[in-house]
């Protein structure tokens, strides 16, 4: 029997629970600060509920789930004849319930594997509970295909479903970067080596490795306020530099249990870049294999996992050893006018 504790703001969560939440979400975010940033940066009308799950003998959370209630803009979607009933104000309070943890790339919940079954049952109960609310007219679930088979209580008039492909982290299966390169297909390996050679010999581009954001060159085109945030996160910064200019950088964040998160920031004009997209990935991997405690390399964009609508778009990363997982977005609405999630 699991115990559920609800929090209606991420700032209400007891600080003593944060280390355990970070362990549960170790493959989703580098730290709890990422969740706080997403919460604080959400649209004003979004209302969050965070669910922590506890086992019968555990004082620390063994599961985490997240819900966002979004206001449905009824004035924009209702036909004119439905607006004639000016005395009926119910539509002003209509909401969509979206179940997803973080950016949704890992589905709608995470649990300690020992409590996966009971956790699934409890989350399904919560979904049913919110489905029964008369003010919630639409429901959206982010589910990992083959792992999270949550369902709706009924088939509604309007429904929609879509699959997306999430880039999985690269596990450290080799001791060195050179060993990793040798594991790739010959043509891919040769292209990467040629790119490194051109970078150094033709481009005369240097690579920087800065332990803290405050140590980066003054020419780094990142606002000082953002560097202060990176500093609080304990970030490292990798750079590509030429003639005292920073052509691009990589944000490096160390998470729990050897999970390392890399996010590229290219600064060169599109079509005129000296540093290829491939080398941002390879510089991340080069650094990853140099870190003795690193176990998994995660690539990010805009603070979230890389997500693609077509499998073809993943070939660039698959050729470099990465794998994918599938997330299914399921949506149902009691309003025929609302055909897609907000």
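Numbering (the UniProt record's numbering), first residue to last: 1 to 342. Glycine included, C-beta positions come from ideal geometry on N, C-alpha and C.
**Asked** At what residues does the alpha helix (DSSP H) containing residue 74 begin and finish?
**Response** 74–77 is the extent of the alpha helix (DSSP H) around residue 74.
**Rounded distance between the beta-carbons of residue 324 and residue 168, thought under 8 Å** = The pair is a contact, with the Cβ atoms about 6 Å apart (cut-off 8 Å).
**Prompt:** What residue does the beta strand (DSSP E) around residue 96 start on, and which one ends it?
**Reply:** 95–99
**Prompt:** So does the region 326–341 actually touch the region 50–67, counting three or more Cβ pairs closer than 8 Å?
**Reply:** no
**Prompt:** Are the beta-carbon atoms of residue 290 and residue 142 separated by less than 9 Å?
**Reply:** no
**Asked** Does the region 248–261 come close enough to the region 8–26 to have 3 or more Cβ pairs within less than 8 Å?
**Response** Output reads yes: the region 8–26 touches the region 248–261.
**Message:** Going by C-alpha to C-alpha distance, which of 305, 91 and 13 sits closest to residue 166?
**Reply:** 305
**Item:** Supposed close pair residue 72, residue 95 - CB separation, criterion 8 Å
**Value:** 6 Å
**Message:** The beta strand (DSSP E) that contains residue 310, what's its start and end?
**Reply:** No beta strand (DSSP E) contains residue 310, which DSSP labels as neither H nor E.
**Distance, residue 56 Cα to residue 310 Cα** = 43 Å
**Asked** Can you name the start and end residues of the alpha helix (DSSP H) that residue 188 belongs to?
**Response** 186–197
**Cβ contact (3+ pairs, closer than 8 Å) linking the region 104–116 and the region 140–155** = yes
**Request:** Report the rounded CA-to-CA distance for residue 247 versus residue 284, giving the unit in angstroms.
**Result:** 16 Å
**Simplified DSSP state of residue 340, which is helix, strand or coil** = coil
**Prompt:** Count the other CB atoms within 10 Å of the CB of residue 153; is the residue buried (16 or more) or exposed (fewer)?
**Reply:** exposed
**Prompt:** Going by other Cβ atoms of all chains shown within 10 Å of its Cβ, with 16 needed for buried, is residue 229 buried or exposed?
**Reply:** exposed
**Request:** Entirely within the region 116–149 and at least 4 residues each: give me those alpha helix (DSSP H) ranges in chain order.
**Result:** 116–131
**Item:** residue 3 (DSSP reduced to helix, strand or coil)
**Value:** strand
**Prompt:** Looking at the structure shown, is residue 230 part of a helix, part of a strand, or coil, going by DSSP?
**Reply:** Note: residue 230 maps to helix in three-state DSSP.
**Nearest residue (CA-CA) to residue 267, options 260, 259, 276 and 261** = Of the candidates 260, 259, 276 and 261, the residue whose Cα lies closest to the Cα of residue 267 is 276.
**Message:** Taking 9 Å as the threshold (C-beta atoms), are residue 2 and residue 21 in contact?
**Reply:** no
**Request:** Please classify residue 259: does DSSP put it in a helix, a strand, or coil?
**Result:** strand
**Asked** In the DSSP assignment, what residue or residues form a beta bridge with residue 299?
**Response** 262
**Request:** Quickly, what does DSSP pair residue 251 with across the bridge? List them, please.
**Result:** 237 and 263
**Enclosing alpha helix (DSSP H) for residue 181 [first to last residue]** = 177–182
**Prompt:** Which residue comes first and which comes last in the alpha helix (DSSP H) that contains residue 204?
**Reply:** From DSSP, residue 204 is part of no alpha helix (DSSP H); its letter is neither H nor E.
**Request:** Can you give me the Cβ contacts of residue 5 inside the same chain, cut-off strictly under 6 Å, excluding the 5 residues immediately before and after it?
**Result:** 52
**Prompt:** From which residue to which residue does the alpha helix (DSSP H) around residue 281 run?
**Reply:** 277–290
**Asked** What does a CB cutoff of less than 8 Å around residue 231 pick up in its chain, not counting 5 residues either side in sequence?
**Response** Short of 8 Å from the beta carbon of residue 231, and not among the five residues preceding or following it, lie these beta carbons of its own chain, in chain order: 212, 213 and 214.
**Request:** Find the nearest neighbour of residue 151 within the set 136, 135, 157 and 123, judged by alpha-carbon distance.
**Result:** Taking each of 136, 135, 157 and 123 in turn and checking the Cα distance to residue 151, the smallest one comes out for 123.
**Asked** Cβ atoms of residue 298 and residue 265: under 9 Å apart, would you say?
**Response** No, the pair does not count as a contact, with Cβ atoms beyond the cut-off.
**Request:** Quick one: measure Cβ to Cβ for residue 235 and residue 260, integer angstroms, because I've assumed they're closer than 8 Å.
**Result:** At roughly 11 Å, the Cβ-Cβ gap does not stay under 8 Å, so residue 235 and residue 260 are not in contact.
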